[in-house]
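Novice: Residue numbers for the sequence shown follow this note's numbering, beginning at 69 and rising by one.
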Amino acid sequence: MSLPRRLARELKALDGETVRIGGHLEDYRALGGVAFAVVRDGSGSTQVTLKKGVADPALFALFETTPRESVVEVEGVARRSEKSNRGVELFPTAVRVVTAAEVPLPLGVVDKVGADLDTRLNHRVLDLRKPAVRAVFELRAAVLDGFRAAFRSLGFVEVETPKILRQGAEGGATLFPVDYFGGRAFLAQSPQLYKQMLMAADFERVFEIAPAFRAEPSDTIRHITEFSSLDGEMAFIDSAEDLRVTLEEAVARTIAHARTRLTETGNPLVPKLADPPRPFPRIPFATVSEWLGRPGAEIDLGTEDEKRLGEIVQQKLGVPLYYITDFPTSIKAGTFYARRQDANPALTEYFDLGFSGIEIASGGPREHRVDRLLANMASAGVDPASFAGYLEAFRFGMPPHGGWGFGIDRFTWMLAGVPNIRETRLFPRDRYRLEP
Ligand code: AMO
69 MSLPRRLARE LKALDGETVR IGGHLEDYRA LGGVAFAVVR DGSGSTQVTL KKGVADPALF
129 ALFETTPRES VVEVEGVARR SEKSNRGVEL FPTAVRVVTA AEVPLPLGVV DKVGADLDTR
189 LNHRVLDLRK PAVRAVFELR AAVLDGFRAA FRSLGFVEVE TPKILRQGAE GGATLFPVDY
249 FGGRAFLAQS PQLYKQMLMA ADFERVFEIA PAFRAEPSDT IRHITEFSSL DGEMAFIDSA
309 EDLRVTLEEA VARTIAHART RLTETGNPLV PKLADPPRPF PRIPFATVSE WLGRPGAEID
369 LGTEDEKRLG EIVQQKLGVP LYYITDFPTS IKAGTFYARR QDANPALTEY FDLGFSGIEI
429 ASGGPREHRV DRLLANMASA GVDPASFAGY LEAFRFGMPP HGGWGFGIDR FTWMLAGVPN
489 IRETRLFPRD RYRLEP
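(1) Less than 8 Å separating the beta-carbons of residue 228 and residue 278?
(2) I want to check one thing, is the minimum distance from the CB of residue 124 to the heavy atoms of the ligand AMO below 7 Å?
(3) Using DSSP with H/G/I as helix, E/B as strand and the rest coil, what is residue 370?
(4) For residue 471, is the beta carbon positioned less than 7 Å from some heavy atom of the ligand AMO?
(5) Does DSSP put residue 128 in a helix, in a strand, or in coil?
(6) Could you please give me the residues that DSSP links to residue 170 through a beta bridge?
(7) For the ligand AMO, is there a heavy atom less than 7 Å away from the beta-carbon of residue 258?
(8) Can you tell me whether residue 193 is buried or exposed? The criterion is at least 16 other CB atoms within 10 Å of its CB, across all chains shown.
(9) Let me check you understand the geometry: is the CB of residue 357 closer than 7 Å to at least one non-hydrogen atom of the ligand AMO?
(10) Tell me the start and end of each unbroken beta strand (DSSP E) in the region 285-347 that is at least 3 residues and wholly inside, in chain order.
(11) Between residue 512 and residue 491, how many whole angstroms is the CB-CB distance? I'm expecting something under 8 Å.
(12) Is residue 430 helix, strand or coil when you go by DSSP?
(13) For the ligand AMO, any of its heavy atoms closer than 7 Å to the Cβ of residue 284?
(14) Can you find a heavy atom of the ligand AMO that lies under 7 Å from the Cβ of residue 404?
(15) Please tell me whether residue 135 and residue 171 are closer than 8 Å, where the distance is taken between their beta carbons.
(16) Check whether the Cβ atoms of residue 426 and residue 296 lie closer than 8 Å to each other.
(17) Between the alpha carbons of residue 130 and residue 319, how many angstroms are there, rounded?
(18) Tell me, which residues are paired with residue 275 by DSSP?
(19) Alpha carbon to alpha carbon, what distance is there between residue 199 and residue 137?
(20) State the CB to CB distance for the pair residue 458 and residue 265, rounded to an integer number of angstroms; the pair is presumed to be in contact (CB under 8 Å).
(21) State the DSSP-derived secondary structure class of residue 471, mapped to helix, strand or coil.
(22) Mind the definition here: the region 437-455 touches the region 489-503 only if three or more C-beta pairs lie below 8 Å; say whether that holds.
(23) Residue 347 and residue 316 look like a contact to me (Cβ under 8 Å); what is the Cβ gap, rounded to whole Å?
(24) Taking 8 Å as the cut-off, decide whether the C-beta atoms of residue 256 and residue 281 are in contact.
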């Protein structure tokens, strides 16, 4: 088998040529005078057709005894065909079993009956072979590409900040401690402190796409303990609106980019990638509270509230993506870096970005004046001594700045319309899952 390997999607253009393919043996059926094998690779699948009296009898026997999902290589002649729904058939002259799959498979790859998510995740490699599952990861890759392209063209530089920290910024309860040469360190919950420090270092606009770790004990469809955070930070902003406009632009461009990419490969998720109506509505937190039937209340949104809000926004405004603005200071009290409104310190300038009832991002202008930052830390019960390196960045000239944290997993989840956020990660981590 010395021919170069071809992919399933290339065969249609190779009519009449002798080619070699390689992939997983998805199916084999013998129907009297003819037998069909289906070999799947990363680009799709190929119908291999064996005709009695034409194909070597040994090939029938080989396919018959080879377990499903084994890796096989097939050499043969490609012929365009109306009979195959792939538009091409491969008539084999040689077949090789490269590695045989064990029997039985713990998870069927082509089964019509859906296995439960736990079983699927326990045998994730087999699960990932399903085209519908792969489609989600093609979308995810396009989302990552789209954001990178969008932020670069908006003047942002991509950065990487440490993930092993002495201190977290999002509160102690969700920090994972790690043993650091006998001392204690933590896994980063967010690049928060570092992206802000870079604003004092003339970086102007930065973004980072990196893992963030949260010791979230809750077992929900929206929380995982390792997620990909897309963080942005911008210096010399005039208001929260500068951040919202930029983030909205990047989100819209990313959806358009993903649609173009996925259209090229015939991905079934394309219909979910319609351009969102813009501008995304800006709904003050006070209005949200009213809509949820508790006017004036300063209670943070729970899962049920967020879900209902998504429905109300869809009903009233007919849009999936919306900002909730002007979060009360009482709700963001622990977020010491969030700037309070100068005209009304009972409100922050903070916002969330909601997507059909799920918070996918939050951010806002930061407190860049060190005296006020220290006051916020004091009222949050945070010891400034633990944040010495961060605070130093504010002492020698810190411009006004702000940014956001955006959950790549939640965004992909909402776009793909799969039931659980775990389905957007190759090997998800949660309260109960550390393997595979
Ligand atoms: P926050 O804690 O709101 O803000 O997180 C920002 C976004 O990250 C995603 N996210 C998660 N996704 C999956 N599982 C989780 N357990 C999880 N936790 C958070 C969400 C969320 O909207 N430093 C601030 C951001 C900033 O102000 O710049 C922060 O981390 O999509």
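Cβ coordinates follow ideal geometry from the N, Cα and C atoms, glycine included.
Specialist: In terms of the structure at hand:
(1) Along the sequence shown, read from residue 1 onward, the residue named residue 228 stands at position 160. Along the sequence shown, read from residue 1 onward, the residue named residue 278 stands at position 210. Their beta carbons are under 8 Å apart, which means residue 228 touches residue 278 by this criterion.
(2) Locating residue 124 in the sequence shown gives position 56, where the first residue counts as 1. Not under cutoff, so the answer is no.
(3) As a first step, residue 370 is located in the sequence shown; it is residue number 302 there, counting from the start. In this structure, residue 370 counts as coil in the three-state DSSP scheme.
(4) Along the sequence shown, read from residue 1 onward, the residue named residue 471 stands at position 403. Correct: residue 471 has its Cβ closer than 7 Å to the ligand AMO.
(5) For this step, residue 128 is matched to residue 60 along the sequence shown. If DSSP states are grouped into helix, strand and coil, residue 128 belongs with the helices.
(6) Within the sequence shown, the letter at position 102 stands for residue 170. Its beta-bridge partners do not exist; DSSP assigns none.
(7) As a first step, residue 258 is located in the sequence shown; it is residue number 190 there, counting from the start. Residue 258: yes, Cβ under 7 Å from the ligand AMO.
(8) Indexing the sequence shown from 1 puts residue 193 at position 125. Burial call: exposed.
(9) As a working mapping, residue 357 is identified with position 289 in the sequence shown. No - the ligand AMO has no heavy atom lying nearer than 7 Å to the Cβ of residue 357.
(10) 294-303
(11) There is simply no residue 512 to check, as the chain begins at 69 and stops at 504 in what is shown.
(12) Locating residue 430 in the sequence shown gives position 362, where the first residue counts as 1. Looking at residue 430 - three-state DSSP - the assignment turns out to be strand.
(13) Against the sequence shown, residue 284 aligns to sequence position 216. Yes, the beta carbon of residue 284 sits closer than 7 Å to at least one heavy atom of the ligand AMO.
(14) The residue you call residue 404 lines up with position 336 of the sequence shown. No.
(15) Taking the sequence shown and counting its residues from 1, the one referred to as residue 135 is at position 67. Taking the sequence shown and counting its residues from 1, the one referred to as residue 171 is at position 103. Their beta carbons are under 8 Å apart, which means residue 135 touches residue 171 by this criterion.
(16) Position 358 of the sequence shown, counted from the start, is the residue given in the question as residue 426. Position 228 of the sequence shown, counted from the start, is the residue given in the question as residue 296. In this structure, residue 296 does not lie closer than 8 Å to residue 426 by Cβ.
(17) What you label residue 130 is simply residue 62 of the sequence shown in a count that begins at 1. What you label residue 319 is simply residue 251 of the sequence shown in a count that begins at 1. Rounded to whole angstroms, residue 130 to residue 319 spans 51 Å at the Cα level.
(18) For the purposes of this step, residue 275 is identified with residue 207 of the sequence shown, where counting begins at 1. DSSP lists 226, 300 as partners of residue 275.
(19) Stepping through the sequence shown from its first residue, residue 137 is reached at position 69. Stepping through the sequence shown from its first residue, residue 199 is reached at position 131. Their Cα atoms are separated by approximately 14 Å.
(20) In the sequence shown, the residue the question calls residue 458 occupies position 390. In the sequence shown, the residue the question calls residue 265 occupies position 197. Residue 458 to residue 265, Cβ: 6 Å. Contact.
(21) As a first step, residue 471 must be located in the sequence shown, where it is residue number 403. Correct three-state label for residue 471: strand.
(22) no
(23) Position 279 of the sequence shown, counting from 1, holds the residue named residue 347. Position 248 of the sequence shown, counting from 1, holds the residue named residue 316. Right, the Cβ-Cβ distance comes to about 7 Å (below 8 Å), so this counts as a contact.
(24) By one-based count along the sequence shown, residue 256 stands at place 188. By one-based count along the sequence shown, residue 281 stands at place 213. Yes.
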